[in-house]
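Structure first, commentary second.
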Amino acid sequence: MITSVVPVPVPAPEQEREQEGRTVSGGKTSWLAARRAERAWLDAVGLFEQGATDRAAARFADAVRDDPTAADAWLGLHATGQRQDEALAAMEQHVAKFGALRAKHDKTLVSQFRIGTYANHALETSGELWLAVHSALLDAGALGEAWQTMAEAEPDCDGTRFLTTRYAYLSEEWNWVLSSSTDIEDPLLVAEAQLYAAQALIAQKVWHEALNTLTWLSEEMEVNSDFEAEVAYWSGVAHEGLGAGEQALKHFQYAYRHHPGLYDVAERAQVVQAGAGAAAVVAGQRADLLAEARAELDGMIGLDSVKRQVHTLIAQLEMAELRAQQGIPTRTRPQHFVFAGPPGTGKTTVARIVGKVFAGLGLLERGHVVETQRVDLVGEHLGSTALKTSAVIDSALDGVLFIDEAYALVNEGYNGGDAFGNEALQVLLKRAEDDRERLVVVLAGYRREMETLLATNPGLASRFTTHVDFPSYAPEELRRIAVVLLDDNGDVLSPAGANALEQSLKGAADRIDALGNGRFIRNLCQKAAAHRDLRLAATPRNGEPLTREDLVTLHAPDVLAAFDELMERAKASADAGGPSPAGA
Numbered sequence: 001m002i003t004s005v006v007p008v009p010v011p012a013p014e015q016e017r018e019q020e021g022r023t024v025s026g027g028k029t030s031w032l033a034a035r036r037a038e039r040a041w042l043d044a045v046g047l048f049e050q051g052a053t054d055r056a057a058a059r060f061a062d063a064v065r066d067d068p069t070a071a072d073a074w075l076g077l078h079a080t081g082q083r084q085d086e087a088l089a090a091m092e093q094h095v096a097k098f099g100a101l102r103a104k105h106d107k108t109l110v111s112q113f114r115i116g117t118y119a120n121h122a123l124e125t126s127g128e129l130w131l132a133v134h135s136a137l138l139d140a141g142a143l144g145e146a147w148q149t150m151a152e153a154e155p156d157c158d159g160t161r162f163l164t165t166r167y168a169y170l171s172e173e174w175n176w177v178l179s180s181s182t183d184i185e186d187p188l189l190v191a192e193a194q195l196y197a198a199q200a201l202i203a204q205k206v207w208h209e210a211l212n213t214l215t216w217l218s219e220e221m222e223v224n225s226d227f228e229a230e231v232a233y234w235s236g237v238a239h240e241g242l243g244a245g246e247q248a249l250k251h252f253q254y255a256y257r258h259h260p261g262l263y264d265v266a267e268r269a270q271v272v273q274a275g276a277g278a279a280a281v282v283a284g285q286r287a288d289l290l291a292e293a294r295a296e297l298d299g300m301i302g303l304d305s306v307k308r309q310v311h312t313l314i315a316q317l318e319m320a321e322l323r324a325q326q327g328i329p330t331r332t333r334p335q336h337f338v339f340a341g342p343p344g345t346g347k348t349t350v351a352r353i354v355g356k357v358f359a360g361l362g363l364l365e366r367g368h369v370v371e372t373q374r375v376d377l378v379g380e381h382l383g384s385t386a387l388k389t390s391a392v393i394d395s396a397l398d399g400v401l402f403i404d405e406a407y408a409l410v411n412e413g414y415n416g417g418d419a420f421g422n423e424a425l426q427v428l429l430k431r432a433e434d435d436r437e438r439l440v441v442v443l444a445g446y447r448r449e450m451e452t453l454l455a456t457n458p459g460l461a462s463r464f465t466t467h468v469d470f471p472s473y474a475p476e477e478l479r480r481i482a483v484v485l486l487d488d489n490g491d492v493l494s495p496a497g498a499n500a501l502e503q504s505l506k507g508a509a510d511r512i513d514a515l516g517n518g519r520f521i522r523n524l525c526q527k528a529a530a531h532r533d534l535r536l537a538a539t540p541r542n543g544e545p546l547t548r549e550d551l552v553t554l555h556a557p558d559v560l561a562a563f564d565e566l567m568e569r570a571k572a573s574a575d576a577g578g579p580s581p582a583g584a
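Numbering of the sequence shown is given in UniProt numbering, commencing with residue 1 and proceeding in unit increments.
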């Protein structure tokens with residue numbers, strides 16, 4: 001008897017893959033599917049190492065299709081930028097196998113994730129996977145769910161400390177932000193953590209310390225323009241809180257240029273209308289304003305040569321006015337200055353005094369000061385610089401235009417010359433001459449660089465004929481400045497604290513220019529007060545209230561801790577090749 005043969009259908013390759021990839025009892029991937037996933041993973045890693053990201057992503061996708069439990073395959077897919085949310089969830093689900101394929105084949109595979117708004121973090125270890133998962137929860141606003149496990153984590157690495165700071169920031173726990181952000185060392189994480197700290201200070205109206213933090217960020221960190229824009233924005237908010245409208249506007253406009261959609265910066269950048277600023281000085285107020293300028297000048301610590309020069313200027317202008325009143329031919333008008341010296345030696349303060357002098361003598365109508373730098377004058381393309389520089393000069397008319405680091409307008413590092421800086425200089429020279437009855441221009445910066453600038457530009461040398469040299473502060477002068485600053489803040493030094501301050505200043509004398517002279521002292525006083533507060537908060541009191549003396553006295557450990565912190569920051573900046581933290 002002949003029986004019919006029923007052919008057995010041969011599955012297509014896709015069907016065969018699907019059948020072999022099905023799970024067996026217990027929910028485990030079949031052996032064949034796991035082997036196929038492993039081969040695909042090895043192929044993908046090789047392609048990824050060669051830079052063939054798209055082809056690597058396709059093979060990683062093959063691997064996770066064959067073995068959805070292969071956490072390292074999901075890591076590879078994440079590293080290619082594909083299906084990252086899905087990959088992160090899968091890695092968390094199969095964390096027990098995270099690293100298994102890499103260990104078996106001795107392969108390195110690293111992805112990265114966004115741990116904050118700006119900072120990235122490596123994703124390679126199970127600990128970093130934990131950070132990535134909880135960062136995603138914070139991104140999604142699931143603060144409660146994130147904190148359920150974050151609360152049990154030890155703050156044993158910068159990543160954990162940063163996430164704690166970020167959680168505190170998102171929860172608007174401002175004091176917690178300040179305390180948790182202090183021990184982070186990774187430079188990229190430090191930057192964003194300190195931005196959170198600055199916002200915490202602003203939320204509590206601690207404007208000056210917020211500006212200290214933001215100034216350090218703007219000078220120390222090499223970050224993208226969005227980050228710079230946010231630093232500028234919050235600097236504007238802090239200046240606004242202090243009532244410094246012109247400075248606030250400058251920062252808001254810088255932020256708007258780099259990130260027009262940031263918060264409400266588009267509105268804030270236009271808050272100050274044309275013509276706003278210091279009011280004109282009426283005749284009856286001039287004598288009082290001149291007396292005020294003299295008192296401020298005499299009240300400055302040190303700078304004896306600067307004081308003599310400014311007092312001489314006042315005397316010359318007063319005598320010229322008397323000669324004119326008696327019909328003796330004379331010519332008095334505002335003049336332009338070069339202020340040369342290291343940072344933190346009072347150049348900006350003296351510029352404000354000069355503005356009051358000229359306004360007090362009736363030579364300037366307002367005498368206000370507009371502080372500016374290269375970035376405020378130079379545009380993004382030729383032609384725009386002239387408009388930008390003219391607008392800044394217009395805002396300074398009837399007052400003083402103070403250009404800090406003026407030598408930056410001639411950047412010899414540009415191939416073929418600095419066309420943008422030269423354009424700004426040409427506009428400045430013309431306006432300095434055309435508006436000489438209504439404008440005082442002060443070019444400020446380091447002595448050697450200012451000499452080079454004037455030597456290479458005869459037009460500047462002929463118009464800026466009054467040079468004022470600002471010397472570095474001596475340790476004793478710095479000590480006196482510290483006493484004044486502490487007194488203004490209601491703080492006092494214990495005898496041991498005063499001795500610690502004196503010894504610290506002697507130790508810093510040979511590098512005080514790099515540290516920032518007076519700015520360094522301001523920072524030292526503020527940091528010492530912060531360490532005092534931290535010490536008091538951490539000291540058990542057993543129900544005993546703190547006395548007024550406790551709350552205002554700075555002891556030696558407070559001063560020394562502040563000094564060490566600033567020295568470490570200066571060393572880190574020098575090692576990184578960056579600028580000194582003079583304005584920190």
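In this text, a Cβ means the ideal position worked out from N, Cα and C, and glycines have one as well. None of these values were measured; they are calculated from a predicted model.
Distance between residue j and residue i (C-alpha atoms, nearest Å)
i: A96; j: R55; result: 27 angstroms
i: D139; j: G341; result: 47 angstroms
i: G543; j: N175; result: 22 angstroms
i: R59; j: I202; result: 50 angstroms
i: V484; j: K205; result: 23 angstroms
i: R511; j: T330; result: 46 angstroms
i: A528; j: D487; result: 14 angstroms
i: A561; j: K506; result: 16 angstroms
i: E128; j: A572; result: 26 angstroms
i: A295; j: T215; result: 29 angstroms
i: F420; j: E437; result: 27 angstroms
i: A482; j: F227; result: 33 angstroms
i: A191; j: W130; result: 22 angstroms
i: E152; j: E145; result: 13 angstroms
For residue i, the three-state DSSP class (helix, strand or coil)
i: D487; result: helix
i: H121; result: strand
i: A194; result: Note that residue 194 is Gln in the sequence shown, not Ala. Three-state result, Q194: helix.
i: T452; result: helix
i: A444; result: strand
i: A572; result: helix
i: D469; result: strand
i: S269; result: Residue identity check: residue 269 is Ala in the sequence provided, not Ser. Of the three classes helix, strand and coil, the one that applies to A269 here is coil, per DSSP.
i: F402; result: strand
i: V338; result: strand
i: T553; result: strand
i: E128; result: helix
i: S111; result: strand
i: E209; result: helix
i: residue 593; result: Here the chain has residues from 1 to 584 only, and residue 593 is not among them.
i: L493; result: strand
i: V133; result: helix
i: T80; result: coil
i: G99; result: coil
Sequence-distant residues of its chain with Cβ nearer than 7 angstroms to residue i (five each side left out)
i: P260; result: A266
i: L178; result: A197, A200
i: F358; result: P334, L364, G367, V440
i: D491; result: A529, V552, L554
i: R352; result: V369
Residue environment, residue i, which counts as buried when at least 16 other CB atoms sit within 10 Å
i: G81; result: exposed
i: E477; result: buried
i: V110; result: exposed
i: A276; result: Confidence at A276 is low in this model, with a pLDDT of 43, below 50, so the placement of that residue should be treated as unreliable; the coordinate-derived value is given next. Exposed: under 16 other Cβ atoms inside 10 Å.
i: M450; result: buried
i: P343; result: buried
i: Q84; result: buried
i: A274; result: Interpretation of A274 is limited by its pLDDT of 34, a score under 50 that renders its predicted location unreliable; the figure taken from the coordinates is listed afterwards. Classification for A274: exposed.
i: H134; result: buried
i: T149; result: exposed
i: R431; result: buried
i: G299; result: exposed
i: E209; result: buried
Supposed contact pair residue j and residue i - C-beta distance, whole angstroms, cut 8 angstroms
i: V442; j: F563; result: Contact flag wrong, Cβ pair sits at about 32 angstroms.
i: A193; j: T213; result: About 10 angstroms separates the two Cβ atoms, so there is no contact after all.
i: L425; j: L409; result: 5 angstroms
i: T349; j: P471; result: So it is not a contact: roughly 15 angstroms between Cβ atoms.
i: E549; j: V370; result: No, E549 and V370 are not in contact; Cβ-Cβ is about 44 angstroms, not under 8 angstroms.
i: L189; j: A119; result: 5 angstroms
CB contact check: residue i to chain C, cutoff 8 angstroms
i: R548; result: Absent from the structure: chain C. Only one protein chain is present.
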